[in-house]
Amino acid sequence: MGGAWFESVREAERRARRRLPRSVYKALVAGSERGQTLRENIAAFSELGFAPHVAGASDTRELSTTVLGQPVALPVLISPTGVQAVHPDGELAVARAAANRGTAMGLSSFASKPIEEVTAANPQTLFQVYWSGDRDAMLHRLERARKAGAVGLVVTLDWSFSHSRDWGSPSIPTAMDLRTIARHAPEVVFGGKWRYLADYARTLRPPRLTVPNMTLPGQSDPGFFDAYGEWMQTPKATWEDLAWLRERWDGPFVIKGISRVDDARRAVEAGATGISVSTHGGNNLDGTPAALRALPAVVDAVGDDVEVLMDGGIRRGGDAVKALALGARAVLIGRAYLWGLAANGQAGVENVLDIMRDGIDSALMGLGKSSVHQLSRRDLVIPEGFGRRLGTRDGHHAYTPD
Ligand SMILES: Cc1cc2nc3c(=O)[nH]c(=O)nc-3n(C[C@H](O)[C@H](O)[C@H](O)COP(=O)(O)O)c2cc1C
1 MGGAWFESVR EAERRARRRL PRSVYKALVA GSERGQTLRE NIAAFSELGF APHVAGASDT
61 RELSTTVLGQ PVALPVLISP TGVQAVHPDG ELAVARAAAN RGTAMGLSSF ASKPIEEVTA
121 ANPQTLFQVY WSGDRDAMLH RLERARKAGA VGLVVTLDWS FSHSRDWGSP SIPTAMDLRT
181 IARHAPEVVF GGKWRYLADY ARTLRPPRLT VPNMTLPGQS DPGFFDAYGE WMQTPKATWE
241 DLAWLRERWD GPFVIKGISR VDDARRAVEA GATGISVSTH GGNNLDGTPA ALRALPAVVD
301 AVGDDVEVLM DGGIRRGGDA VKALALGARA VLIGRAYLWG LAANGQAGVE NVLDIMRDGI
361 DSALMGLGKS SVHQLSRRDL VIPEGFGRRL GTRDGHHAYT PD
């Protein structure tokens with residue numbers, strides 16, 4: 001598949017766009033409302049510059065680190081996403097690619113493959129849950145993840161059920177029955193999506209829209225929208241709920257979706273061992289500042305107490321280096337690997353991780369560093385007022401991280 005190699009995440013996205021049916025492509029673009037946070041997440045990286053050295057650099061550079069107790073070959077992890085209908089191998093292809101490149105994988109509870117198969121493909125799997133259903137349902141999911149060998153739990157809390165987009169939401173079917181296939185066939189056939197069709201034709205079955213990690217005892221796998229409905233009807237978690245959940249999971253426990261300093265402090269009090277500064281890739285409350293802008297204030301507030309990760313807008317290795325220089329221990333990628341998966345399956349995800357690794361290595365070389373652990377804010381050109389400090393006693397501020 002030599003010709004299938006791509007040199008950038010942008011190119012992977014172009015190929016994904018050509019290959020995927022329009023509705024699947026749009027589901028990955030996602031973003032809510034006017035797309036302000038979606039765009040800001042990416043634009044914020046362009047505002048930061050590097051301050052390179054030209055001589056005296058070491059010949060070898062160390063990219064490996066540990067995240068939540070897991071040794072990883074590079075400080076880039078797979079962020080949890082549901083990848084129904086993107087590729088028949090779905091999260092298994094992603095898990096194998098991550099394992100081959102030596103990194104950990106976040107598995108969404110809305111994923112299309114069961115956790116047992118994913119942990120078998122990549123033992124460094126963190127299971128992601130939403131606060132959905134009653135406490136027994138939550139305990140059942142935790143117990144199953146524990147048995148399957150998940151090495152950590154990620155609790156995502158920032159979803160705001162915002163379902164409208166100015167550029168139109170794709171129609172997502174509730175199940176792939178014959179009627180639905182007939183309805184969606186024109187966008188595949190007349191849209192010329194032959195390679196996509198061929199991938200699924202080889203498996204002799206259409207994309208499955210079930211969520212096998214949301215199954216409750218004695219039930220069959222629920223459909224995506226049945227599980228989504230349960231989640232919508234569940235009252236939002238309180239900090240007491242989260243402390244309760246934390247007590248029932250004895251491994252690494254990450255709270256994902258934090259933007260504010262006060263929430264970061266509460267996450268620490270609730271017993272989190274990690275947090276991810278994240279806006280769900282701009283898919284929830286539109287108008288939330290870019291995760292990258294919120295990162296330094298959160299690092300300054302709780303960076304000694306928990307591992308601070310970030311995700312949102314990372315499209316190249318240099319982006320990961322900027323987040324690390326601002327104080328993140330590692331970053332997670334979402335759309336970047338989804339484009340790779342859509343463009344070329346497992347090899348496409350490996351390709352994206354290689355782009356990340358090479359980009360990090362080259363940025364380290366330019367900055368004269370021999371390890372990702374040497375990065376600091378002094379390596380960056382940070383414009384006045386770049387950061388956003390949300391949720392402090394005296395309000396929310398723009399500020400310059402020092
Ligand atoms: C299509 C799609 C599905 C997602 N599904 C989930 C999910 O099930 N659970 C979760 O915690 N985050 C989910 N996310 C958010 C990602 O984990 C991550 O926070 C985000 O994609 C990072 O931004 P980026 O795409 O710019 O890298 C999803 C994101 C996308 C684009």
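First residue of the sequence shown? That's 1 in full-length UniProt numbering, and the numbers climb one at a time after it. Beta carbons: idealized from backbone N, C-alpha and C, even for Gly.
Within the segment 318-369, the runs of beta strand (DSSP E) that reach at least 3 residues and sit entirely inside it are, in chain order, 330-333. The segment 218-245 contains, as complete alpha helix (DSSP H) runs of 4+ residues, the segments 224-233 (chain order).
Taking 8 Å as the cut-off, the Cβ atoms of R293 and G391 do not count as close. Within a 10 Å sphere around the beta-carbon of Q233 sit fewer than 16 other beta-carbons, which makes this residue exposed. Y25 carries a helical assignment under DSSP once its states are collapsed to helix, strand and coil. For R34, same chain residues with a beta-carbon under 7 Å away, outside a window of 5 residues either side, are D166 and D286 in chain order. With a cut-off of 7 Å, the C-beta of T103 is classified as distant from ligand 1, since no heavy atom of the ligand falls inside that distance.
Only exposed fits A201, as fewer than 16 other CB atoms lie within 10 angstroms of its CB. The alpha-carbon separation between L74 and D361 amounts to approximately 10 Å. Look at I255 here: in three-state DSSP terms it is strand.
Annotation for L126: the continuous beta strand (DSSP E) segment containing it runs T125 to V129.
Between D319 and F45, the C-beta gap is smaller than 8 Å, which places the two residues in contact.
T215 has its Cβ no nearer than 7 Å to any heavy atom of ligand 1.
With respect to V67, A104 sits close: the two C-beta atoms are nearer than 8 Å. Cβ-Cβ distances below 7 Å link Q346 to D89, A93, R96 and A97 in the same chain, with the five nearest sequence neighbours on each side left out; the list follows chain order. By the neighbour-count criterion, in which 16 or more other beta carbons inside 10 Å mark a residue as buried, R135 falls on the exposed side. Residue environment analysis places F224 among the buried positions, since at least 16 neighbouring C-beta atoms fall within 10 angstroms of its C-beta.
By the neighbour-count definition (other C-beta atoms within 10 Å, threshold 16), A267 is a buried residue. Apart from sequence neighbours up to five positions away, the residues of its chain that approach R357 with a beta-carbon distance below 8 Å are L63, A73, L74, V76, R101 and G317, ordered along the chain.
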